[in-house]
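For reference, the structure is listed below as structure tokens.
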Amino acid sequence: MSDAPVQTSATVLTVRQVQDYYAMTLVAPAVAERFRPGQFVALAVGGEHTARLMRRCFGVYEVKSDYGGTVEFVFADRDPGTAWLAGRRSRDSVDLVGPLGRPFRLPRDPVSCLLVGGGPGAASLFALADVLRRRGCPVHFVLGGPDARRVFGARSAQRIGDSATVATADGSLGTAGTVADVLPRAVDEAAAEVVYACGPTALLRTVTAIATEYGIPSQVSVEEFLQETGACGTGLCLTCVLPIVGDDGVTRMVRACADGPVLRGERVRWGDLGTIPFDAIGAPGAHAAVRFGAEGPR
Amino acid sequence: MTTRLGALELPNPIMTAAGCGGSGRELARFVDLSRLGAFVTASVTPQPRAGRPTPRAAETPSGMLTAAGLPGPGLDGFLERDLPWLAGQGARTVVSIVGNGVAEYTAVARRLSEVAGVAAVEVNVSAPNAEDRGRTFGSHPGPAAEVVRAVRRHTRPEIPVLAKLAPDVTDIVTIALACADAGADGLSLVNTMVGMAIDPVTLRPALTGVSGGLSGPAIRPVAVRCVYQVHAALPRTPIVGIGGVATGLDALEFVLAGASAVGVGTTLFHDPSAGTRILRELEDALAERGIGRLADAVGLAHKPAGFFPPQIRPEPVPDIPVNDADASDASEAIRRDGSVRAGKPQAGPAEPAESEEMSP
Numbered sequence: 001m002s003d004a005p006v007q008t009s010a011t012v013l014t015v016r017q018v019q020d021y022y023a024m025t026l027v028a029p030a031v032a033e034r035f036r037p038g039q040f041v042a043l044a045v046g047g048e049h050t051a052r053l054m055r056r057c058f059g060v061y062e063v064k065s066d067y068g069g070t071v072e073f074v075f076a077d078r079d080p081g082t083a084w085l086a087g088r089r090s091r092d093s094v095d096l097v098g099p100l101g102r103p104f105r106l107p108r109d110p111v112s113c114l115l116v117g118g119g120p121g122a123a124s125l126f127a128l129a130d131v132l133r134r135r136g137c138p139v140h141f142v143l144g145g146p147d148a149r150r151v152f153g154a155r156s157a158q159r160i161g162d163s164a165t166v167a168t169a170d171g172s173l174g175t176a177g178t179v180a181d182v183l184p185r186a187v188d189e190a191a192a193e194v195v196y197a198c199g200p201t202a203l204l205r206t207v208t209a210i211a212t213e214y215g216i217p218s219q220v221s222v223e224e225f226l227q228e229t230g231a232c233g234t235g236l237c238l239t240c241v242l243p244i245v246g247d248d249g250v251t252r253m254v255r256a257c258a259d260g261p262v263l264r265g266e267r268v269r270w271g272d273l274g275t276i277p278f279d280a281i282g283a284p285g286a287h288a289a290v291r292f293g294a295e296g297p298r
Numbered sequence: 299m300t301t302r303l304g305a306l307e308l309p310n311p312i313m314t315a316a317g318c319g320g321s322g323r324e325l326a327r328f329v330d331l332s333r334l335g336a337f338v339t340a341s342v343t344p345q346p347r348a349g350r351p352t353p354r355a356a357e358t359p360s361g362m363l364t365a366a367g368l369p370g371p372g373l374d375g376f377l378e379r380d381l382p383w384l385a386g387q388g389a390r391t392v393v394s395i396v397g398n399g400v401a402e403y404t405a406v407a408r409r410l411s412e413v414a415g416v417a418a419v420e421v422n423v424s425a426p427n428a429e430d431r432g433r434t435f436g437s438h439p440g441p442a443a444e445v446v447r448a449v450r451r452h453t454r455p456e457i458p459v460l461a462k463l464a465p466d467v468t469d470i471v472t473i474a475l476a477c478a479d480a481g482a483d484g485l486s487l488v489n490t491m492v493g494m495a496i497d498p499v500t501l502r503p504a505l506t507g508v509s510g511g512l513s514g515p516a517i518r519p520v521a522v523r524c525v526y527q528v529h530a531a532l533p534r535t536p537i538v539g540i541g542g543v544a545t546g547l548d549a550l551e552f553v554l555a556g557a558s559a560v561g562v563g564t565t566l567f568h569d570p571s572a573g574t575r576i577l578r579e580l581e582d583a584l585a586e587r588g589i590g591r592l593a594d595a596v597g598l599a600h601k602p603a604g605f606f607p608p609q610i611r612p613e614p615v616p617d618i619p620v621n622d623a624d625a626s627d628a629s630e631a632i633r634r635d636g637s638v639r640a641g642k643p644q645a646g647p648a649e650p651a652e653s654e655e656m657s658p
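Chains as they are written, first to last, in the numbering used here: chain A, 1 to 298; chain B, 299 to 658.
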């Protein structure tokens, strides 16, 4: 199974600061060779004798064939684990598992694609853009963030995209406003037939709503939700679940890591994230344990 | 490295811990499940369960808190999809079961007795007893024994029944004795212990379930103490030691305390290929200490200092022709014995002495 993830001790090639984020490049040929856009890697933090056991999951920005195969990802320093990663230096080792999760599904025909990113999540869109362009799809970007320092990849988007729209809340880059403000016009102008998105969960919800309005499919990567809830990245721990409506119209709790991170936007019950909807399979019913509310740990 | 849990013989003592190996498919991408001593499933419930809302996990020093709420496909889904798949992988499957009241436990146990591919049943007694104001079965000897007795009665006799106990009880030995009296063939020690964390950003409990199960190396000393105490009281009852095992030396610690097998849990989230690594490290650790059989190390910490298990050596076998250069006289056998103690992996008792072992 060449698409099965691998666990490897990867050597750090570079860690560099990119605006308010960090970009880390690791030498990991087996991961690079298996990677498809939208997939992520799960890193152990803190070294061999770490006291931090939860893996940190990051969407892959790009893979290259240098040094046998490298993997680059972008992350925000948001906890002591990511701070440890940001402090790695060239030639350090990091335990890496990847590539993990389901990739972005690609259109069969060369249709116009709109790629929407927010914060460090936008990094996941660039490997996708490469593949789409090779298939002859026009690629249009919409990037957003609170300010210019927290919009990742605006310049690259302008360079490789057929168009690039940027919106910042404070107006320090591009249009002053949110992605929601600029998205309908971007969909129109690009004549987009599919929307891809990665970024904050609220952004994904907005993108899904607008795509649904326009009657076009959306493929969203719930990377941020995975980072906030997941513990392993490999599908073992069952902590990163969210409610998804299946083909049969039935809601199931699925894992962001193993059944995602790329999901069809319209299938996610965005308003019910962080809950178990009452109509989900296996939702608490009339069981007495629910009334008592005191379940054991396992 | 073979070991026994009642009637069940395992090729090695390294198992997964319940609820930490997914359905098996996720873990099988990193390790060959047939190479583990056993695969322990997530606790199977009669009906499908969605579990608790997120957040379900919080990182704590050398451990984590989880309150997933026992999510799973339910018994039918498990029997239809997961159990046959595990059997196809050559895994020895220990099915963890849980229920809402004794009747649910027995219903699950009865169905498991009707199907093939169940190596053992592990009774997760850390579930709320609806008939006892939601208190967990495992916190008191009476209810724990009641559920174990019911499961034992409804399980085929050749399938061992293990009782999995939580460490945060007043006296785990009393509960273990009650479970053994009720017919438990073995004990899995320990489940998570209840803990809590509060998020300094939201100023609210970090988990939706408010409290959760603390696991990982943080609870290892507690788990080792439980195994030691219970083995002292029940030296003939096999114990699966579980709690923060991350290395072969951690596994050895449990074995020395009295465990015949060792479960790897939270470590799998951190290191999905840990199972086979820990097995290799445990084999090396035993060999380095000149301990030929795992059984010789089980409970060794209870013996007086200086006690060393008698070693079973491959005796010179007269009817196997040996060439003159390494004729197996008495002095050779002693020298070979010494070399084993110095850290060489020992040949199995049934095998004839190998020539390279004797040549240098």
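We treat Cβ as the ideally placed atom computed from N, Cα and C, and that holds for glycine.
Query: With 16 as the cutoff for other CB atoms within 10 Å, does A326/B come out buried or exposed?; Result: buried
Query: Which chain B residues sit within Cβ distance under 9 Å of G229/A?; Result: The sequence as given places Thr at residue 229/A; Gly does not occur at that position. Under the 9 Å cutoff, chain B gives T352, P353, R354, A355.
Query: Please state the DSSP three-state secondary structure of S221/A.; Result: strand
Query: Since H568/B meets chain A, which of its residues come closer than 7 Å, beta carbon to beta carbon?; Result: A44, L53, R55
Query: What are the start and end residues of the alpha helix (DSSP H) that includes L308/B?; Result: Not the alpha helix (DSSP H): L308/B falls in the beta strand (DSSP E), residues 306–308.
Query: In chain A, which residues lie less than 7 Å from P346/B when you measure between Cβ atoms?; Result: I281, G282
Query: Would you say L236/A faces chain B, with C-beta separation under 8 Å as the test?; Result: yes
Query: So which residues of chain B does I244/A contact, with C-beta pairs closer than 8 Å?; Result: Those do not exist, as I244/A stays about 12 Å from chain B at its closest Cβ, beyond 8 Å.
Query: Mind listing the chain B neighbours of A258/A? Cutoff is C-beta to C-beta under 7 Å, in chain order.; Result: E324
Query: What are the start and end residues of each continuous beta strand (DSSP E) run of 3 or more residues lying completely inside the region 17–48 of chain A, in chain order?; Result: 21–27, 40–43
Query: Could you work out which residues of chain B lie near G274/A, taking near to mean beta carbons separated by less than 7 Å?; Result: P351, T352
Query: Cα separation between E213/A and T178/A?; Result: 18 Å
Query: Is the CB of G539/B under 8 Å away from at least one CB in chain A?; Result: no
Query: Expressed to the nearest angstrom, what Euclidean distance is found between the alpha-carbon atoms of Q39/A and D162/A?; Result: 24 Å
Query: Given a cut-off of 8 Å, decide if A480/B and R447/B are closer than it, judged by their beta-carbon atoms.; Result: yes
Query: Closer than 8 Å by C-beta to R88/A: which residues in its own chain qualify, once you throw out the five before and the five after it? Chain order, please.; Result: V12, V15, M24, V94
Query: In chain A, what lies closer than 8 Å to P369/B by C-beta?; Result: L238, V241, M253, G282
Query: Within its chain, find whatever has a CB closer than 8 Å to the CB of R302/B; leave out the 5 residues flanking it on each side and keep chain order.; Result: L308, P536, S558
Query: On the criterion of 16 or more Cβ atoms from any shown chain inside 10 Å, does H49/A qualify as buried, or is it exposed?; Result: exposed
Query: What does DSSP give as the partner residue(s) for D497/B in the beta ladder?; Result: R502/B
Query: By how many angstroms is the C-alpha of V151/A removed from the C-alpha of A169/A?; Result: 11 Å
Query: Hey, would you say A348/B sits closer than 8 Å to A280/A, going by beta carbons?; Result: yes
Query: Residues in the same chain with beta-carbon distance under 7 Å from R252/A, minus the five sequence neighbours each way, listed in chain order, please.; Result: I244, G246, A280, I281
Query: Are the beta-carbon atoms belonging to F328/B and A231/A less than 8 Å from one another?; Result: no
Query: Is it buried or exposed, P99/A, if we count other Cβ atoms within 10 angstroms and call 16 or more buried?; Result: buried
Query: Hey, P200/A and G118/A are a contact pair by Cβ (cut 8 Å); roughly how many whole angstroms apart?; Result: 5 Å
Query: Restricting to Cα atoms, I'd like to know which of Y22/A, T234/A, T165/A is closest to G121/A.; Result: Y22/A
Query: Comparing alpha-carbon positions, which option in V520/B, S341/B, G588/B, L487/B lies nearest V560/B?; Result: L487/B
Query: Can you give the Cα-Cα distance for K601/B and L532/B, rounded to whole angstroms?; Result: 15 Å
Query: Assuming contact is defined by CB atoms lying nearer than 8 Å, are A583/B and L547/B in contact in what I supplied?; Result: yes
Query: Give me, in chain order, the residues of the same chain whose beta-carbon lies closer than 6 Å to that of A549/B; leave out the 5 immediate sequence neighbours on both sides.; Result: V543, V560, I576, L580
Query: Based on Cα-Cα distance, which residue from R450/B, G388/B, K462/B, N422/B lies nearest to D330/B?; Result: G388/B
Query: Indicate whether L26/A and V116/A have their beta-carbon atoms separated by less than 8 Å.; Result: no
Query: Quick one, which of L43/A, L96/A, S9/A has its alpha-carbon nearest Q227/A's?; Result: L43/A
Query: Report the neighbours of F328/B on chain A: residues whose CB is nearer than 7 Å to its CB, in chain order.; Result: Q7
Query: Do S394/B and E420/B have their C-beta atoms within less than 8 Å of each other?; Result: yes
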